[in-house]
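Everything on this sheet refers to the single structure shown next.
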Amino acid sequence: MFTFVKVNLVTGFISSSDWYTMSMGRPRGRFGRVNGSVEGFWFSHVRWVFDRHHLTEKCGEANNVSDLRKQIFYRFVEKTYYFHALAQAPVLYLAGGFPFVVWGGAVRIVAYLHVTFLVNSVCYLWGGRAWDTGDLSTNNWWMAVVNFGEGWHNNHHAFEWSARHGLEWWQVDATWGVIRLLEAVGLAKDIKLPSEAHKKKMAL
Ligand SMILES: [Zn+2]
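UniProt numbering puts the sequence shown at residues 1 to 204.
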């Protein structure tokens, strides 16, 4: 949930804001299986966003987001995400004029989207693997620095339900730090992490 709230309310743009992109953001399911570099770098980086017909034809409809479809919050976001993006412009303009709209709106959204897309392209081509996930996902340390922990993508595919992506003490994961903070102030609970038994089962 944290990822989708972050994407929709902070960036206010299309990444992971409709059922198609939400489905692609998850490792499991038919869409999840083509997530990666099997179609080439540019397809995995950004073309998949626009070439929905190709993926739907190849993999069928998004079938791994039924839990999100049931929640009123996500149905609301899915119906209104263009409004979230557009509503930021007048607020930014009032705060600092046109430069704020350009740097705080357009540039920020483009930069954020490409950092997000890099998980799909770079984290299937370069990096190491720690788990037997049956796909091409990798752990890439410099991506983890750039995108706040999501670069530990092989970890994420092995334990998709884990709140923590950087599973070793040296695996930098800023998002995990935020979750720990939310837990400390009582805003996050029942946090899921892989046990030693889970790790043993997935080890290469
Ligand atoms: Zn992935």
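Ideal Cβ placement from N, Cα and C applies to all residues, glycine included.
The structure presented is a predicted model; accordingly, all values stated were derived computationally and were not measured.
N- and C-terminal bounds of the alpha helix (DSSP H) containing residue i
i, result
"Y93", "72–96"
"Y124", "No alpha helix (DSSP H) contains Y124, which DSSP labels as neither H nor E."
"R180", "174–184"
"S66", "66–69"
"E57", "52–59"
"V146", "141–146"
"A197", "196–202"
"H156", "153–158"
Residue j beta carbon less than 8 angstroms from that of residue i
i, j, result
"N147", "L118", "yes"
"G149", "W176", "yes"
"L136", "N155", "no"
"K201", "S162", "no"
"F100", "Y93", "yes"
"G105", "A89", "yes"
"T133", "H157", "yes"
"M143", "V110", "no"
"F41", "L125", "yes"
"A188", "L182", "yes"
Closer than 7 angstroms: residue i CB and nearest ligand 1 heavy atom
i, result
"residue 293", "Lying outside 1 to 204, the shown extent of the chain, residue 293 is not represented and no answer is given."
"residue 208", "For the chain, the structure presents residues 1 to 204; residue 208 sits outside this window and is missing."
"H153", "yes"
"H157", "yes"
Nearest residue (CA-CA) to residue i, options the options
i, options, result
"W170", "K58, A95, V145, V110", "V145"
"S66", "C59, R75, E196", "R75"
"T116", "F100, D190, S44", "S44"
"G128", "V107, N120, R108, W152", "W152"
"A203", "F159, V185, V172", "F159"
Residue-chain proximity (residue i, chain C), Cβ-Cβ < 8 angstroms
i, result
"W103", "Annotation note: the requested chain C is absent from the structure, which comprises a single protein chain."
Any non-hydrogen atom of ligand 2 within 7 angstroms of residue i CB
i, result
"G105", "Among the ligands in the structure shown, ligand 2 does not appear; only ligand 1 can be found there."
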